[in-house]
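What follows is a set of notes on a single structure, which appears directly below.
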Amino acid sequence: MGKVVGFELNSQEPEKAAEFYSNVFGWKISVPQWDYWAVSMDKGTENEQSGINGGISKGPNDYPYGTRIQIEVDSINDAISKATDNGAKVVRDKMEFDEFFLAYLVDPTGIGFGLIQKK
1 MGKVVGFELN
11 SQEPEKAAEF
21 YSNVFGWKIS
31 VPQWDYWAVS
41 MDKGTENEQS
51 GINGGISKGP
61 NDYPYGTRIQ
71 IEVDSINDAI
81 SKATDNGAKV
91 VRDKMEFDEF
101 FLAYLVDPTG
111 IGFGLIQKK
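Heads up, the sequence shown is in our numbering, so the first residue is 1 and it goes up one at a time.
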């Protein structure tokens with residue numbers, strides 16, 4: 001079963017968005033890499049649960065504004081195949097990063113999401 005492991009907020013003003021979320025919600029925002037500001041949630045006290053980590057990015061042409069969840073899967077190739085067989089469209093094919101693979105899709109209703117597979 002795929003589980004939600006992250007989020008991505010897309011904005012055409014990511015610096016302003018990062019400042020907003022940091023000031024309003026106390027999110028820890030990292031120095032940007034590749035127009036992506038990583039977001040980590042404070043764990044707080046032992047009795048508080050931490051939130052899902054994610055990031056803020058300069059929205060690409062195919063998704064300039066909005067929020068996408070990242071869903072972790074065992075096999076990104078299988079998940080892409082199953083998603084497209086069920087009506088999804090791939091908007092960014094599988095990309096390779098140091099520790100994971102990532103792809104972006106849109107479901108049949110127009111909701112964008114990411115698939116992520118750890119190496």
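Where is the CB? At the ideal position from N, CA and C, for every residue including glycine. Bear in mind the structure is a predicted one, so any value in this text is a computation, not a measurement.
DSSP state of residue i mapped onto helix, strand, coil
i: Ala-103; result: strand
i: Glu-13; result: coil
i: Phe-20; result: helix
i: Phe-97; result: coil
Residues that DSSP places opposite residue i in a beta bridge
i: Ser-57; result: Asn-10, Tyr-36
Straight-line gap, residue i to residue j (C-alpha atoms, nearest Å)
i: Thr-67; j: Trp-27; result: 16 Å
i: Tyr-21; j: Lys-58; result: 15 Å
i: Val-106; j: Tyr-63; result: 10 Å
i: Gln-12; j: Gly-110; result: 20 Å
i: Lys-118; j: Gly-6; result: 13 Å
C-beta contact flag for residue i and residue j at 8 Å
i: Phe-113; j: Ile-52; result: no
i: Lys-94; j: Ile-80; result: yes
i: Ala-17; j: Ile-56; result: yes
i: Leu-115; j: Val-73; result: yes
i: Lys-3; j: Ile-76; result: no
i: Trp-34; j: Pro-14; result: no
Beta carbon proximity, residue i to chain B, threshold 8 Å
i: Asp-74; result: The structure shown contains no chain B; it holds only a single protein chain.
Alpha helix (DSSP H) runs wholly inside the region 64-90, at least 4 long, in chain order: 76-85
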